[in-house]
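Accompanying notes for the structure given below.
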Amino acid sequence: MTDLSKIRNFSIVAHIDHGKSTLADRLIQETGTVKDRDMKAQLLDAMDIERERGITIKANTVRIDYKADDGQDYVLNLIDTPGHVDFAYEVSRSMRAVEGSLLVVDSTQGVEAQTLANVYQAIDADHEIVPVLNKIDLPASDCDRVAEQIEDVIGIDATGALQVSAKTGQGIRETLEAIVTQLPPPKGERDAPLKAMLVDSWYDSYLGVIVLVRIIDGVLKKGDRIRMMSNNSVHPVERIGVFRPQMEMIDELGPGEIGFLTASIKQVRDTRVGDTITTEKKGCEAALPGFKPSQPVVFCGLFPVDNAEFEDLRDAISKLSLNDASFSSEMETSAALGFGFRCGFLGLLHLEVIRDRLEREYDIDLITTAPSVIYQIYMRDGTVQELHNPADMPDLTFVDHIEEPRIKATILVPDEYLGDVLKLCQDRRGMQIDLTYAGSRAMVVYDLPLNEVVFDFYDRLKSVTKGYASFDYQMIGYREDHLVKMQVLVNDEPVDALSTMVHRDRAETRGRAMVEKLKDLIPRHMFKIPIQAAIGGKVIARETLSAMRKDVTAKCYGGDVSRKKKLLDKQKAGKKKMRQFGKVDIPQEAFISALKMDG
Amino acid sequence: MDVLTEDWQNGGFGLYLHWPFCQSKCPYCDFNSHVSSSVDQARWQHAFLSEIERVGEETGGRVLNTVFFGGGTPSLMDPALVSAIIEKISDTWTLANDVEISLEANPTSIEARRFRGYRDAGVNRVSMGAQALNDEDLKRLGRLHSAAEAMEALDIARKTFDRVSFDLIYARQHQALDDWRAELDTALSLSLDHLSLYQLTIEQGTAFGDRFNRGRLGGLPDDNASADMYLATQEICDTAGLSAYEVSNHAKNGFESRHNLIYWRYGDYAGIGPGAHGRLTLLGEKTAIETHSYPQKWLEAVEGTGTGEMYRELVKKEDQALEYLMMSLRLAEGMDLDRFHALAGHRINPLNINRLADLGMVFKTRDRLVATPNGRVLLNSVLSELLAE
Numbered sequence: 001m002t003d004l005s006k007i008r009n010f011s012i013v014a015h016i017d018h019g020k021s022t023l024a025d026r027l028i029q030e031t032g033t034v035k036d037r038d039m040k041a042q043l044l045d046a047m048d049i050e051r052e053r054g055i056t057i058k059a060n061t062v063r064i065d066y067k068a069d070d071g072q073d074y075v076l077n078l079i080d081t082p083g084h085v086d087f088a089y090e091v092s093r094s095m096r097a098v099e100g101s102l103l104v105v106d107s108t109q110g111v112e113a114q115t116l117a118n119v120y121q122a123i124d125a126d127h128e129i130v131p132v133l134n135k136i137d138l139p140a141s142d143c144d145r146v147a148e149q150i151e152d153v154i155g156i157d158a159t160g161a162l163q164v165s166a167k168t169g170q171g172i173r174e175t176l177e178a179i180v181t182q183l184p185p186p187k188g189e190r191d192a193p194l195k196a197m198l199v200d201s202w203y204d205s206y207l208g209v210i211v212l213v214r215i216i217d218g219v220l221k222k223g224d225r226i227r228m229m230s231n232n233s234v235h236p237v238e239r240i241g242v243f244r245p246q247m248e249m250i251d252e253l254g255p256g257e258i259g260f261l262t263a264s265i266k267q268v269r270d271t272r273v274g275d276t277i278t279t280e281k282k283g284c285e286a287a288l289p290g291f292k293p294s295q296p297v298v299f300c301g302l303f304p305v306d307n308a309e310f311e312d313l314r315d316a317i318s319k320l321s322l323n324d325a326s327f328s329s330e331m332e333t334s335a336a337l338g339f340g341f342r343c344g345f346l347g348l349l350h351l352e353v354i355r356d357r358l359e360r361e362y363d364i365d366l367i368t369t370a371p372s373v374i375y376q377i378y379m380r381d382g383t384v385q386e387l388h389n390p391a392d393m394p395d396l397t398f399v400d401h402i403e404e405p406r407i408k409a410t411i412l413v414p415d416e417y418l419g420d421v422l423k424l425c426q427d428r429r430g431m432q433i434d435l436t437y438a439g440s441r442a443m444v445v446y447d448l449p450l451n452e453v454v455f456d457f458y459d460r461l462k463s464v465t466k467g468y469a470s471f472d473y474q475m476i477g478y479r480e481d482h483l484v485k486m487q488v489l490v491n492d493e494p495v496d497a498l499s500t501m502v503h504r505d506r507a508e509t510r511g512r513a514m515v516e517k518l519k520d521l522i523p524r525h526m527f528k529i530p531i532q533a534a535i536g537g538k539v540i541a542r543e544t545l546s547a548m549r550k551d552v553t554a555k556c557y558g559g560d561v562s563r564k565k566k567l568l569d570k571q572k573a574g575k576k577k578m579r580q581f582g583k584v585d586i587p588q589e590a591f592i593s594a595l596k597m598d599g
Numbered sequence: 600m601d602v603l604t605e606d607w608q609n610g611g612f613g614l615y616l617h618w619p620f621c622q623s624k625c626p627y628c629d630f631n632s633h634v635s636s637s638v639d640q641a642r643w644q645h646a647f648l649s650e651i652e653r654v655g656e657e658t659g660g661r662v663l664n665t666v667f668f669g670g671g672t673p674s675l676m677d678p679a680l681v682s683a684i685i686e687k688i689s690d691t692w693t694l695a696n697d698v699e700i701s702l703e704a705n706p707t708s709i710e711a712r713r714f715r716g717y718r719d720a721g722v723n724r725v726s727m728g729a730q731a732l733n734d735e736d737l738k739r740l741g742r743l744h745s746a747a748e749a750m751e752a753l754d755i756a757r758k759t760f761d762r763v764s765f766d767l768i769y770a771r772q773h774q775a776l777d778d779w780r781a782e783l784d785t786a787l788s789l790s791l792d793h794l795s796l797y798q799l800t801i802e803q804g805t806a807f808g809d810r811f812n813r814g815r816l817g818g819l820p821d822d823n824a825s826a827d828m829y830l831a832t833q834e835i836c837d838t839a840g841l842s843a844y845e846v847s848n849h850a851k852n853g854f855e856s857r858h859n860l861i862y863w864r865y866g867d868y869a870g871i872g873p874g875a876h877g878r879l880t881l882l883g884e885k886t887a888i889e890t891h892s893y894p895q896k897w898l899e900a901v902e903g904t905g906t907g908e909m910y911r912e913l914v915k916k917e918d919q920a921l922e923y924l925m926m927s928l929r930l931a932e933g934m935d936l937d938r939f940h941a942l943a944g945h946r947i948n949p950l951n952i953n954r955l956a957d958l959g960m961v962f963k964t965r966d967r968l969v970a971t972p973n974g975r976v977l978l979n980s981v982l983s984e985l986l987a988e
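These protein sequence lines are chains X and A, in that order.
Quick note, the first sequence lines up with residues 1 to 599 if you use our numbering.
Quick note, the second sequence lines up with residues 600 to 988 if you use our numbering.
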């Protein structure tokens, strides 16, 4: 057990690509925690998808031994937090588990919206914050400007900001010293009853659920019977350890320490982020504040392209759920798409990551239906229904009004793109809350309906600002609006998977855009196909896909038989990638592409 | 005939010989053809005769219905070479009384001089690659002859052979529907008994393909225009008594290419020469056979190992059914549903047939399924619909 005064717990706050993981790698390497030959870039991001996208989904932690300039040995615990807005709650818990943060800002870029959201979380958690200006080896680096921006936008003193190049290793030693000298040690009572925070958890096929904990008070020992305070479940502790970053078993964790435990827990669902862990007997009195069970925000249907793969999809989803308590699923039947699942996610990134993993790790081709938010349907009889799927919209005669979730979006954007961003927000039914300037960058705050954001808002934002805008949001509650269910009919048959909830005033525009898109996405058939958008029984937009005129091989003799047969087989395989609605084949990508709005 | 038997006699037995050389490569052509300054015809003769003997050993005792010299440009072969080959063939198989021996010819004056020699060798049908009837378009298609020269060659051919066919390519660059109507009328006024009318197809790996990919092949009719041209072709030829008996082939009754009918009726055919394909029923099993396609490689294989074959594999019953379906629906006579059943082990889904019949793409008689002209112009889609699960 380490003396409290020799422990420093910290996290790193940074925007994607500002060098958070590289800096973490460098700290680990500099202290000899991992031998050089075992280093691989971005040690802490384990999954392929995470590494590819440069994001961290699960909190990772590493314990670093460091001999400081004062001659003393210190234990530094780094928690690498998920940086994305989808995981804001998880970030807030990780922040509560440490006493300080390194605020890493790319000195060639400056502060981004996501940095802001996370740094405010750090400030909320009373962190000591050490600003680190990274990438100073690059010619475009401008430390003075970025330091000034940190002071202007975030309002913390950046005069002593560290100047670092995680890439070359410059300033790494100074960073380690700053962690020891500028961050406070944790507080805690060794003799008090056990009180530990559950920071994160994941499933390991050998050890069962691994629970990442921060000990607040007391001591956690092997063999202890621990109790989760949110549900009073009791588990015997089998292993205790720390990450370096590989697992190293130890016998106990004391106050201020960060480590993991295993306790024959089968499901990640039984371990909730933010929960308080104590002993079964003589436990602590009060749980830690701020715990809340995770709630999915965005829903969509996932269907196998090939109906025969339904069981495979079911298996894959249940395996993924083992490791991700925030992802929910229930079986769904669609007239058009057959059997599948309605799944709930913390946000769009979460949705994409899960979908990618299902396709990549489990090799299942999926049709993803339009993402939807949860609407509150106020019925005339006084009851309230939650609507997760537009296809389930009750008959309008029984509906009094509909409320939809709204968000507060913060967007940081260079001056020259401000007009485009305002137009985009306006087009998405946004209401401006605030507009301020920091140097040549504007900070725009909008109140936006979540359903206008879930789909392609971020893509559009990136495209209208050439990638220079950054974006973050938080939920702010529900509000009534004039929402209707828009149906799409292909060859006079409604395609339930293309139903969406839209604002009445925008229905015509959306409907027109959708039928035009579908006209391009659906291949020509042997007959002409009307494509319509409708509200109730009223058609609000219509296009006609004309019939195919010519599709024949002019010359086909003895030598062409094999080649021609391959072509036919290919055509058959192509048809398998499509879904049949009545007489019409719709390619799987159409379900998502049809909803994208270009302008 | 017992409806559940399936053998090559349903379609007949033919022999294809591939001569892979041309004087120049046409920009639209993706056939196995090569330009070579000198060809050792004696060496080739030796190889052809050796291959005929080899194939003959596997198919001995059969009656041979047709022989087809294709290419490349077979009219560049010495008549003596053609004669030696035909002689060897008649020594190897029993020739049908009405055996059809066809040869593809370019309509140039030089080649026309060889026609008499071919006839004396036994050739009784030529297929002339006229392709277009005006000089500008011929040049664009990379052809070496003029329209006038083609007419002269045609004249000589008709005086020399019992049966003469004429090839034209349409839906060409900058060709309007009316241009094509006029050209087709001219062709029909020659009162030929067989016409092959192909829509220009841009194939990858050809000069036109490259130009097309670079966006440099302008003036091609779009799908709508070429569909209109196809349908107009059917109408004009019907009126002239030269109805389509296959997607791109028109003939007076009884003047169809019997050799090509073997392909479309999914009969048996042996392929000899570089890159020739065969489908032969051997020991009761339909077998796909392919030879080396590169001429030098084929020649060396025949000389060195005694066979030009590169590939031989049994064709599974269900694949035979598929091959029969896609070939036979090209024909105006359509397909025999029982024969498909015998091969596939199941019938074509009647719902698929009904759906296509409702759209006017096919019609069904008691035991046959036929693609209409509208269905034939969409045949690839019709096939994939018929086979849909």
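C-beta: ideal position from N, C-alpha, C; glycine also.
In this text the structure is predicted, and so the values were computed from the model without any measurement.
Kindly list, in the order they appear in chain A, the residues whose Cβ is closer than 7 Å to that of residue i.
i                      : result
residue 526 of chain X : 958, 960, 977, 980
residue 572 of chain X : 983, 986
Could you compute how far the alpha carbon of residue i sits from the alpha carbon of residue j?
i                      : j                      : result
residue 602 of chain A : residue 935 of chain A : Because the pLDDT of residue 602 of chain A is 39, which lies under 50, any placement of that residue in the model is unreliable, and the question is left without a value.
residue 939 of chain A : residue 986 of chain A : 12 Å
residue 20 of chain X  : residue 11 of chain X  : 10 Å
residue 796 of chain A : residue 838 of chain A : 16 Å
residue 331 of chain X : residue 87 of chain X  : 25 Å
residue 135 of chain X : residue 150 of chain X : 16 Å
residue 430 of chain X : residue 446 of chain X : 6 Å
residue 448 of chain X : residue 422 of chain X : 12 Å
residue 416 of chain X : residue 523 of chain X : 40 Å
residue 137 of chain X : residue 97 of chain X  : 33 Å
Mind listing the chain X neighbours of residue i? Cutoff is C-beta to C-beta under 7 Å, in chain order.
i                      : result
residue 798 of chain A : 554
residue 847 of chain A : 554, 555
residue 822 of chain A : 549, 550
Using the beta-carbon count (16 or more within 10 Å), is residue i buried or exposed?
i                      : result
residue 437 of chain X : exposed
residue 275 of chain X : buried
residue 676 of chain A : buried
residue 425 of chain X : buried
residue 373 of chain X : buried
residue 775 of chain A : exposed
residue 615 of chain A : buried
If contacts are defined as beta-carbon pairs under 8 Å, then residue i and residue j qualify, I think. What distance do you get, rounded to the angstrom?
i                      : j                      : result
residue 958 of chain A : residue 970 of chain A : Wrong, their Cβ atoms sit about 11 Å apart, outside the cutoff.
residue 713 of chain A : residue 730 of chain A : Not really, about 20 Å apart at Cβ, beyond 8 Å.
residue 547 of chain X : residue 487 of chain X : Incorrect: roughly 24 Å between the Cβ atoms, too far for contact.
residue 593 of chain A : residue 861 of chain A : This structure gives no information on residue 593 of chain A, because the portion of chain A shown stretches from 600 to 988.
Specify, as a first and last residue, the run of the beta strand (DSSP E) that residue i falls within.
i                      : result
residue 433 of chain X : 431-438
residue 974 of chain A : Here residue 974 of chain A belongs to no beta strand (DSSP E); instead the alpha helix (DSSP H) covers 972-975.
residue 203 of chain X : 195-204
residue 817 of chain A : Taken as a continuous stretch (DSSP letters only), residue 817 of chain A belongs to no beta strand (DSSP E), as it is neither H nor E.
residue 906 of chain A : Segment: none, residue 906 of chain A is in no beta strand (DSSP E) and carries neither H nor E.
The alpha helix (DSSP H) with residue i in it runs from where to where?
i                       : result
residue 682 of chain A  : 678-691
residue 1003 of chain A : Because chain A is modelled from 600 through 988, residue 1003 of chain A falls outside the range shown and cannot be assessed.
Whose Cβ in chain X lies nearer than 9 Å to the Cβ of residue i?
i                      : result
residue 918 of chain A : 565
In chain A, which residues lie less than 9 Å from residue i when you measure between Cβ atoms?
i                      : result
residue 584 of chain X : Neighbours of residue 584 of chain X on chain A: none; closest Cβ ~12 Å, over 9 Å.
Could you work out which residues of chain X lie near residue i, taking near to mean beta carbons separated by less than 8 Å?
i                      : result
residue 545 of chain A : Residue 545 of chain A lies beyond the stretch modelled for chain A, which goes from 600 to 988, so this question has no answer here.
Under 8 Å Cβ-Cβ, which residues of chain A neighbour residue i?
i                      : result
residue 575 of chain X : 983, 987
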